[in-house]
Structures are given as structure tokens and as C-alpha cells.
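Engineer:
Protein chains in written order, with my numbering: chain A, 2 to 349; chain B, 21 to 647; chain C, 1352 to 1894.
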């Protein structure tokens, strides 16, 4: 363990802990743009600087490892000016479109402009004529809002390892995109949406996010209902409707999702959902009340049980529903009906 | 195959014997400088003309050979006629002159004094014919130079391993492999005081020590041959003129740090350097000087050339490593330093071409000898590429501590057309300028740093009175802005914002407040950028602002460019009283914006004028001025 | 499931998903994780990028095969021959973990008895691969310090699936790869909670936590807890139940959240069975193809509308939380079932999902330490017998669930039940696509996904396509002994000659019309993976 001091607060950290991680431990918030858990730190956004006593320059906290006895200051005039300069540079090359931008409310650049007191950008770089790519079915990409934090490129190459996004051009003409200026629809993109999830601005945004702002949302942490990896995620709910999904940092997914987890949520409030019990009458399935339907079920099951014994009844439980549902199902089949003929689709 | 020390000795003796024999058999040798500079100037034709002429005249006892850059680029193509009693270095020759040299000098024994660099070629026309032939080494351009890194350049045939070995080549490698431990080598290099010649100036021995101290395992040694500063060509000349010196230096470094694999990262725009380097590597492999169990020891070392695609940022060591790995060439955060975690995460040493070229001489002649050259904290020599407003454009290797004045005026022959010296840019686009008042400062790492510039890799660009310092700064910033990798916002956006401001200033649209903003931006970019490129990108602006503030002020306040470079800030003007109404100006004007006739003085339509200056040059009566 | 339970004592994935990050040799057999388990696939790619070696055994050139250190493109249905051949190489070349085999396993002699006939040359011939590749793969696997094996439906969905799983287990045991970090035998389960459904006892012979119904003590425990006498003989599997529905022995079926009309092989047989029932209940979120045949359909809530837990493929129990209300009168599955029990005069004994988990913990030793409260912050992996137990990231550490020693259970290679012949010359293999999930009940409701992949297609090698006059995008008639469908040709070298592949998601041209209901003799898993078909150009070329 190493002893470090952060803003006068003493603490012990494990060897290899970065300054940023140590700050998190004591609840000191450091602004970051390129940093993201599970991505190798690259220190490129230059936002997260802090002062280390005795060091010549300010240090990027995301990539600087704590040393024994380090005395760290996370805010002073020099740090403030430095960070302000970074935000000012980013704003100079940003399409400031906060009124209609879907990221308003959660945009990190917006937040830091506010935090570092920038109302009116002093500098402006001639905007380039990038192509806005709306060819992906689930999300749009507007390079004019990109701050080149490169999280998307890194998540695509280092975590999804799909090698779709990369950087091209140099200097101010550096742009995130696909090789040979391909559009998303022509690329090898698998629409996992992880790039969208990690974008700190509105450059990569889901099409659905046009219709909500972050402050309207309630988030519910849950487990993905598709394959068995068990990815953790947050359902974004606006006015009782699931409008989006964000990945969470679960044990098995570590912040990633796939196209199904991220985007295939529209079945939830689909008009075809069953809303009432149905009973077959005159050969047709017709709406019925719960009482009617449940009694109908119970009467028929009991009749067959009496006539042919419990083993004339079989039940197939579901590998899609919860443990609690499955347990209840097998309890019903074994306890209430009295047969062990209960199965699920483990085999199918 | 050279398998043992004994084999190497034998090989050297044979080579020496061969050249003795050659000298005995032949009456003369003609060396043609065939670096890129020479070839571009026509050396290939010269070489062929000499051979052809000799054949035609039936002269058989003359050897014609190519060599690397002789250094005096301003005089290219160069050919040196070596006779037992004296050497004559002919400059500015072409095929026709070459034939005449064969006829007059070789066949006729008559030196053509007025073409000889060590004769009259540097003198005013009227004195040329009477000039005496002096020793080549006594020509002012060569006289104060001390050649260590360039010792074989322009002397040996770079494509001959034998000639390299004959001049003590691979003796140092043999020495370290048989007599020294890696620690000894590092100690010797440390003691020599050699500092990185690529610009950083970090102690080479100490750097090696870091890598040496890393636990054993895969390590790499890399040569940075991605010379990218505009106007710099030191490394190219070494690779073209003496590639084995780099191979040997790298092998010694590899032995010292425990690497078995090396890469030379060379820009693809240097095809001749790449070709000769590859040839040198294959020769060394063929002879067993690279590969498994070199000279019968346990040491194995393999070397490979990797080509860069010409991105300036790939000269930055971490970007260079990324590029070798096949990634986009962009810098990575340090620490960890490459000596700890470099190529593919393994300890890696990266040194510049010139640094490696110094290694073998240090080992052979000892750290004391090397340490005796140079100034207190900067030992040895430095190769500079003289360029810009200077007479003797070329390569100069000088002991550290030589003053700028000596370099520019003694070696460089001063400024052309008698113009006033205004400043010198060192360190290329990452460096800064030195104004006239510091001409007598001895050149070394520390003194240059005090002046707000850097040693850099050795580009030395001379500016005269007609250079606009604002425009110069704009030029360099335009370069770095273009070459920024785009990874961090300070460099990517900051240099663009600065460049936009400078563009406005040179167009006469600048405001007084811009100057303070420019300075503030420059300081911030220096502090906040990720890598050396960004951290030094504002230097040309900041240093010209430091020494030439009033020129900036004139540009924004008075909308004037005193050097007459910024076209938006001056006009060509015909003085009516002096105009003789000859109409020549109107005739040469490419946009036909000058009107007048025999009766009326000519007038320039300022709306249409593109400020090319053709009229002023053409006017026989000096009636046109710039103001 | 059954295979590993026999050899190791537990049928679940031995290790954790994220451990793949630290693996040095990864062996993927019959699994296409970049499509079927994309986030797992991404983590395998991360490991590969980091330098881990990858062996892929798959008839198709799946995405990971392109990145593999070695791709064994074997004939469908020949996994056991491959595994036996690899074991032959490992044993004869002295690459096995002798100490481990001696101290922690039994049945090695029996293994050798079978495996000794599978020289690499013979095995490779059966598999249709180069014997050098087989040997290379065997040596590579044996060289791994941490060498996990991942497999999936492709292995289990063969008539010899259980033997296939046991052969995988044999290979892992031979190299000492079970019971340690970042190694193991890892079935990647198909559905989100297939692990949980089995764990919860929704299987004919066991209660929750794999407690046998035939064990009187266990039965007594459940009897006592539920206050009712319980049947002692194992019940029918779903396949057997379907068969008996056809004969009339089974008269009523209650299906919760499944769509066998699309997902089960041999659709015609399934339809016959379901139509023959006297009473058929379906409880689901949509009116599926199966629900359309029901007498009663009960509307359930979906995962976003309920509280509960799913158990993922690595045995981790994780919370499912309610984000929105269900539509209309829909109810949570357990609540519907509880109400039925009540109306049958049986007290369910709980009134919330949380209470159900408490009952599970009380009656299930491996879940003893699990409660909704704990899961809020600590989604543990079972076995987790007590509240202070940390859970089990990988199984069989120190001791096998089976006891002291794990068991080698070798099998000879038995050709698939239905092989190509003159009439049906091609092997059909079915599988999943990235953009869909089982039957497209859910993914089909996201129109963007249907735009990307919305229709049935059949992958066919260019050579075969030429032979049958098929062109890219053209309509194809595909028929087997059980039925025929039309689909769209996708001419591609992803499949070798003689093999065609179809996704099983789509109702138009549903692949399961063609597949066989040959079942594995132990696990009763139907053989989806291999059946013989013929392909012809369809007469109508418009879609």
C-alpha cells in the first residue's frame, strides 16, 4: 500500500492505482473526456490534469500512477486555467448546437464549459464540410460534434475488436470514420452501439435519442433478456416507455452490449403484445376476463387429472423467464398438479 | 564469412592490401559525390561522362568510384581527382566539364584551377584563373570542421563493406564483443558525454542504462531515421554516405542493452538511403557481422528497415514505435518511456542516426578522446545542415562550442548578395530563431536552450534582412499544424487557431490584441500538449515574438511588412518623376495592370496587381519601388 | 448438460466469462460467439488481440475462424472423431498432464481403449481435415497454461451430443484444465435463463439445484415444505411429451414462454402433437405461432415489467428489475401460476418474487446464500450455500462436484443419424444470426433488425451453387424427408462444399420444417445440427 495525500486528505492506495482512481476513492471528481473504465488510458484529452508536488509539469491523472508520499492538488489556478484552455480549444472546433442536440443535458463538453466558466467561445476554427452519416439504422454520426476523444475508436478496436472505426486525416482534419470514407451501412459495423454508448457528446447518438433529453429519463438497472452472457444494462424510461438502453459495468459484460441488448427493445411496448387473456370459443381465440380464463384453465386441468391422472398433463417452462417464474412453474406442476413432466427448452 | 576476430583482422589486411595495390597500379582515382544532392544536381551524368571519356581516350589506369555526400552541397555535382601528390575537388561540373577534366587534368596533367573548389571556384570571377590549388582541408568550408559522424562520408564508397572495414569499420563491434561487458559499453558511452543528436539531447549512455536494467527478455533497438525537419538532411547524408557506421552503432547498442532485434525507421522519401542501408545490412549479414553468434560470440542481432510514409510526427519516438507496430503513427503518453515499455510493450532504445554514427568512434578511440572535443556539457561534434540565405549550403560537422558566427561566416561563407544577417533558425519547426546579437554564442545544448531554441537534429536555416519573421513563423506553424497527428486538442485545435491568427496578421487583418492572444495560446499549447511535437510547435512563433516583437507590432498596428514579404502589406508604386515611359513594366506585367504611354507616366492599378514584383525587376531605371 | 454432470458432477459452465481475458489458448468448438454470444465473442477477440492462441473447430468459416491460429473445418457431426484424434496425439506425444490424470481422474484406461484407434490420420479423414492441422491443434491446446474450451449448441444439438460434451470434458481433464482459473469446460448456454430454468428444477428428474426427485430424502424435504405428497418417478421431457401427445397419452400441455412451433425440429410433428391435445394453455407475451393453437392464452409481462432474477451462463444470479408497467391486463408469470395453484386449492406459499427466492434459498443448498437483498450489490455465482459464502467463480477447485475424481467417459465416433445420400445429397446445419434471437418473437419487433436480416436464407458453397444452377439471391427449394421450404440463396465460401447452412429464426422458410427429430440418447436433445437435404432452383424466382 502507498500513502498519498489528495487535497490534504490522506489515504492509502494499492500499488498501480492511478491518481484518477485514487481521487475517486476519496470522492474528488476530476473532469475527463478520453478516459473510460476498461479502456487503456491514453491521456490524450489533457483534461484530467492535477498537480503533483515536486513535479515540473501538471500530470494527467488518468495515466499517472500514484507514488509513495505523493502530495496531489486537484484544483488551483494553474489547473483551472489549463482545463479551461482545453475546453476552449474543443469549443473552437465544435458545432455548438445545444438547443437541438440530443446530448444536451448529458454532454460532457457542455458540462465542462459551464464548470470552467466559458459562455462565449473566444476562438473559432473554420468548420470543415464533413459528411453526416445517418446510414446506420440505429444511430447517426455527426463529425461536427466530435471532440476526438477517441473513445469510440478505442471501444470499437480494443473492446468490441470489430475494427470498424478508425481515424483518418491529420491535424485539424483528423476525423473519426471508416476506411476509405465508407458509410456505416457499407462498413463491417455490427451495430453493437458501444461507440454510441461511450460518446461524451452528441457526435454519435441513437436515432431514438432525438425524442428525449436526459433529464426526462428514469433508469432501471437490469439484466439483458437475450443470450446467456447476462449483460447488465440500464433501461431508459420516459413516461412509462422504454426508449433506450445503456450498458452497465456488469461482471460478464464490463460495459459492453451487442446490437440486440442495445437496440432490440421495441418489442416491449409493441402493439402486438397480449393485453388480455384469450379463450378459444367457436374455434376463435377471444378476449376473456382473468377470472374466466383462470377458472377455465383450472377446470380443464383438474378434469384431465381426475380422468387420466396427473401424468396426462405436461408443462414446458421457459428459459426466457425468471428463476422465480421457473421455480413457481415447477412447483405448480409437481405440487399442485402432481407430475414431474416439467421441462424447459434447455434442449431446444 | 567473418566468424572470428582473426577473420576480421584478416579481412581488413586484405582490404588494405587491395587498396595499396590499386594505388600502385593506378595513377589516379576520381570520386564522384553521389548522395541525393549530387545525383539531383546531375552527378549520374557526370559519372557516366567521366567513364565514357576515359574509355574513349583509352585511359585504363584511373579508378572511378562513387561516394556519398561530400558535404559541400552548394557546389554539387562534385568530383574529386585524387593523384598521389594532390587532390583537386571540382565543383559545379557537368558532363561537358567532366570530359574536359579528363582531357586536361588526367590526360594532360593540367589542373583546371577556376573549377576547383580548392582553387578558384569560390573566388570572384576575375581572380579565378590565377588561384593557387590548396589542400582540400584548407578550404574555409572544410577547415574548421571536425568529422566524426561524417568521417567516411564523401571518402569511401558507401556500397563497399571492404572500404568501411579498411577504415577501421566493425573494429569497435569486435572490441565490445570480445573485450567489454554490456555494462562497460554503457559506462564508456556515459563517460564520453554523448547526448542524443536527434534533438532531445538526453545522455545516450544513461538511456541505454535504463533499458539495460530492465529484466532480460525481448528488447529492441531502433534507429530514428525519419528526418522530417524542413531543410535538414544530416541523417540522410550519413545513411547514404556511410550506412555501415549506423549498423555498427546499432549492433553495439543492442549488445549493451541486451537486444537481439533492431529496426531502422527511415522515411520512404529517402530511396537512396534505404537502398544503401539495405545493401549494408545484407552485406553485414552475408559476412556474419549481423545474425547469429556474431564473431563467434553468444551475441546475435538482426536488423530490419521499416519505411515511414512521411508523417513528421513519426519522428517523435513513441509515434515512430506505433508506426513500426503497424498502428496509426501517433504519439503515446510517456511515461512509461520506451526504455521500459516500447515496441510491442518491450524495452526499446531509440536513437537518431547521427547518435549511432558516433558510437563506433567513441568505442574505438575512447571516451576521453571524445570528451576532449566540444564544450563542458556538450561533448563531441554536431552536424548541421546549412540552408536558407547562405552561400555554402551544405553539411558542416563542427565541435560543440563553435560560435554561430564561425559556422555562418567562416564555414558557410556568409550571406549571398551582401545582404544583412537577420537570424538563424535551429531545430526546424520545433526550434526557434537566434537573432544577430547572439551570433557569438557558442553552440551547445544549454546555450541554445537559454536563447529559447533547441539544438534539434541539426537544421540551420539562415535568414537575411529580406525575411519577414512573422511570415517565417507562419511558415513553420503551417507546417506543424499540417503535421499534427490530431490526437490532443491543444496541438490539433491550438495550432490551427494560431495559424488562422497569423494568416490574418500577414493579410493585414490582424488586431493589436491578437498578439497577446497568440502568445497566450502558444504558452498554453506548449504546456498542455501530449507530445514533443505539440510542446514545441509554438516555438517559432514565441521565439520570433521574443526577438522581433516590433515586426509583429508593425504588421498589426501599421499594417506594414518591413521585409516586403507579406504581399497584402505593401504596394508596388511607379515614381512618376523617375518613370521614363519606356513601357517595359507594362509588357512584363502578367495581369496587365500597368497602363501609360509615351506621354503619360505609367501607373499600377492596385486593385488588379498581384504583387509579383516582375515590373520592379524589369524596370531599367529603378523607377518602381515597394512600399 | 447431462454430459458434464456425468463426468464432472455438474453440468454448468465451469468457469467465468471474463476469465477468458487471461486465457492463453482458447479452444472454440461448435460455437459462433460473435453472433450467438456477441459480448463473449468480443472478449475472445480481446484475448486474441492480446496474444492468446485460438483454435476454432467449425464446419463454417465463422468470423472467429478467420482470426484463428488454426481453423479445423470439419464435416458437421464429426466432433467426437476430432476430439478423439486430438487426445490420441496428446497421449502418444506425452503431452498429457500425467499427475493430474493420476491423482484427480478415473477411467483413463477405458479412455485409451477407445481413443487408441483414432490416429490423427484416421480422425482427420473422418473429419475431412488435414492430419497436420489436427496434430497442431492438439499440441497447441496441450501447451496452454490456461486453456478454456467453449462450446455451444452445435455440439449438444447432435444425436451424439452428450457423448460430444463428454469427449470435450475428456480432453480438458487429460490436460489438467478443469478446476483452475481461466480454463475449464464451458458450454455457452443458448437462452438468457436456460441455466436458471434448469437450476430451478424445470427438468423432469430434478428439483431446484439438481436435487433428484427419485431421492426419498429430497422428496421428503420438498413434501414437507410444500405440504403435499410428491411424485417420485421422473417425468417426461418435452420431446417425449410431444410424442405422447401424438399418441394421446398426454392430454394437456401448459407452455410458458416457448414457441415450439418455430423452435422445435420437425414442425409438422409438433403441430400434430399440439392439435391432438384435449387442452392446451400458452402463457406468453405475444400471440406466437404456438399460442395460435392454444385453447387459452394468458398474457404475461416481459422482463422489463417484472422483478426477479436470471442466471447467466457462468452461473451468476443477477437481478431483473421492473422498469415499466406491463401492457393492459398482463400479469407476471409467477403471479399467474400462483393464482392457478390457489384456485387448484394449493397454497403457493409466497406473494412476491423476493419471497420466492427466499423459498428457493431455503430448499436449495447451492442457492442457500442467495437473496434479492444480497444480489442488489453482489450478484454471486452459485454454488453459494450460505450468506457469507463468496460464490464460486470456477467449479471443481480442489475437488470435483462428482467427488474425489472426475470421470473419463469416452465414446467412439458414431456417424450422424441421417447422412447425405443420393436423394438428399447435402448436409444442412442450422444456427443463429447476430441480429436475431431464437424465434424472432422479440427481435422481429424491432423493424431495423428485420431490415438488416429479415428473411430466411441458405448459405451454399459456390461449387454446389453452380452444380445446382443457383445464383446469388435466387430462390431455392430446400427439401428433406420431413418437408420442404423455399429460401433465398446466399452463395458464399463460409460453408464448405456439401454443407448448407440456414438460420432457424424465420417463419418464412423455417429451417425446422426440415430438421430431424432424432434425439440424443441421453439428454433427449433433438438433432438440429445435421440433417440431409436437397436443394433445387425454385420454379418461381420472385420472392
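Ideal placement from N, C-alpha and C gives every residue a C-beta, glycine not left out.
By the DSSP assignment, the beta strand (DSSP E) with residue 1472 (chain C) in it spans what residues?
Structural biologist: First-last for residue 1472 (chain C): 1471-1478, but that is the alpha helix (DSSP H), not the beta strand (DSSP E).
Engineer: Go to residue 1854 (chain C), then tell me how far its beta strand (DSSP E) extends in each direction, as first and last residue.
Structural biologist: Residue 1854 (chain C) -> beta strand (DSSP E) spans 1850-1854.
Engineer: Is there at least one Cβ from chain E nearer than 9 angstroms to residue 316 (chain A)'s Cβ?
Structural biologist: Among the protein chains in the structure shown, which are A, B and C, there is no chain E.
Engineer: Between the C-alpha atoms of residue 86 (chain A) and residue 544 (chain B), what's the straight-line distance to the nearest angstrom?
Structural biologist: 7 angstroms
Engineer: Let's test the definition: count the other Cβ atoms within 10 Å of the Cβ of residue 1530 (chain C) and tell me whether it reaches 16, buried, or not, exposed.
Structural biologist: buried
Engineer: Any beta-carbon of chain C closer than 9 angstroms to the one on residue 350 (chain A)?
Structural biologist: Only positions 2 to 349 of chain A appear in the structure, and residue 350 (chain A) is not among them; the question remains open.
Engineer: Please report how far the alpha carbon of residue 180 (chain B) lies from the alpha carbon of residue 639 (chain B), in whole angstroms.
Structural biologist: 55 angstroms
Engineer: Quick one: Cα of residue 239 (chain B) to Cα of residue 341 (chain B), how far?
Structural biologist: 13 angstroms
Engineer: Just checking: is the beta-carbon of residue 520 (chain B) within a distance shorter than 9 angstroms of some beta-carbon in chain A?
Structural biologist: yes
Engineer: List the DSSP bridge partners of residue 49 (chain B).
Structural biologist: B:83 and B:102
Engineer: DSSP three-state label for residue 81 (chain A), please.
Structural biologist: DSSP, read as helix, strand or coil, puts residue 81 (chain A) in helix.
Engineer: Anyone know if the C-beta pair for residue 387 (chain B) and residue 269 (chain B) falls short of 9 angstroms?
Structural biologist: No. Outside cutoff.
Engineer: By how many angstroms is the C-alpha of residue 480 (chain B) removed from the C-alpha of residue 416 (chain B)?
Structural biologist: Looking at the backbone, the Cα of residue 416 (chain B) and that of residue 480 (chain B) are separated by about 10 angstroms.
Engineer: With a 10 Å radius around its C-beta and 16 neighbouring C-beta atoms as the bar for buried, classify residue 81 (chain A) as buried or exposed.
Structural biologist: exposed
Engineer: What is the residue span of the alpha helix (DSSP H) that residue 243 (chain B) lies within?
Structural biologist: No alpha helix (DSSP H) contains residue 243 (chain B), which is instead part of the beta strand (DSSP E) from 240-245.
Engineer: With respect to the alpha helix (DSSP H) encompassing residue 565 (chain B), which residues constitute its N-terminal and C-terminal limits?
Structural biologist: 559-567
Engineer: Evaluate residue 1770 (chain C) with the Cβ neighbour count: other Cβ atoms within 10 Å of its Cβ, from every protein chain shown; 16 or more gives buried, anything less gives exposed.
Structural biologist: Burial check for residue 1770 (chain C): the Cβ neighbour count within 10 Å stays below 16, so the residue is exposed.
Engineer: How about residue 1395 (chain C) and residue 1377 (chain C): do their beta carbons lie closer than 9 angstroms?
Structural biologist: It is a contact, given that the beta carbons lie within the stated cut-off.
Engineer: Within the continuous alpha helix (DSSP H) that includes residue 57 (chain B), where are the two ends?
Structural biologist: 56-61
Engineer: Any C-beta of chain A sitting closer than 9 angstroms to the C-beta of residue 515 (chain B)?
Structural biologist: yes
Engineer: At a CB-CB cut-off below 9 angstroms, which residues of chain A make contact with residue 503 (chain B)?
Structural biologist: 171 and 172
Engineer: In terms of alpha-carbon separation, which member of A:242, A:241, A:240 and A:259 lies closest to residue 249 (chain A)?
Structural biologist: A:259
Engineer: When we look at the beta-carbon of residue 1739 (chain C) and count the other beta-carbons within 10 Å, is it buried (16 or more) or exposed?
Structural biologist: It is exposed - the Cβ of residue 1739 (chain C) has fewer than 16 other Cβ atoms within 10 Å.
Engineer: Residue 351 (chain B) and residue 505 (chain B) - do their beta-carbons sit closer together than 9 angstroms?
Structural biologist: yes
Engineer: Could one say the Cβ of residue 526 (chain B) lies closer than 9 angstroms to chain A's Cβ atoms, at least one of them?
Structural biologist: With 9 angstroms as the cut-off, residue 526 (chain B) does not count as an interface residue toward chain A.
Engineer: Cβ of residue 200 (chain B) within 9 angstroms of Cβ of residue 210 (chain B)?
Structural biologist: no
Engineer: Between the C-alpha atoms of residue 430 (chain B) and residue 374 (chain B), what's the straight-line distance to the nearest angstrom?
Structural biologist: Cα atoms of residue 430 (chain B) and residue 374 (chain B): separation of roughly 23 angstroms, rounded to the nearest angstrom.
Engineer: Just to confirm my understanding: we take residue 1680 (chain C), look at its own chain, exclude 5 residues before and 5 after, and list those with CB closer than 7 angstroms. What are they?
Structural biologist: Answer for residue 1680 (chain C): 1650, listed in chain order.
Engineer: Taking only beta carbons into account, state which residues of the segment 1384-1405 of chain C come closer than 7 angstroms to chain A, listed in chain order.
Structural biologist: Answer in chain order: 1387, 1388, 1389, 1390, 1391, 1393, 1396, 1397 and 1400.
Engineer: With H, G and I counted as helix, E and B as strand and the rest as coil, what does DSSP make of residue 1823 (chain C)?
Structural biologist: coil
Engineer: With a cut-off of 9 angstroms, does the C-beta of residue 1443 (chain C) fall near any C-beta of chain A?
Structural biologist: no
Engineer: Name, please, each residue of chain B whose Cβ falls closer than 9 angstroms to the Cβ of residue 126 (chain A).
Structural biologist: 513, 516, 517 and 520
Engineer: Quick one, which residues of the segment 330-348 of chain A are near chain C if we go by CB-CB under 8 angstroms, in chain order?
Structural biologist: Of all residues in the segment 330-348 of chain A, the ones placed with a Cβ closer than 8 angstroms to any Cβ belonging to chain C are 330, 331, 332, 333, 334, 335, 336, 337, 338, 339, 340, 341, 342, 343, 344, 345, 346, 347 and 348, in chain order.
Engineer: Residues in the same chain with beta-carbon distance under 6 angstroms from residue 283 (chain B), minus the five sequence neighbours each way, listed in chain order, please.
Structural biologist: 242, 324, 326 and 344
Engineer: Inspect the beta-carbon positions of residue 1573 (chain C) and residue 336 (chain A) and report whether they are closer than 9 angstroms.
Structural biologist: In this structure, residue 1573 (chain C) sits near residue 336 (chain A), with a CB-CB distance shorter than 9 angstroms.
Engineer: Identify every residue that forms a DSSP beta bridge with residue 286 (chain A).
Structural biologist: A:281
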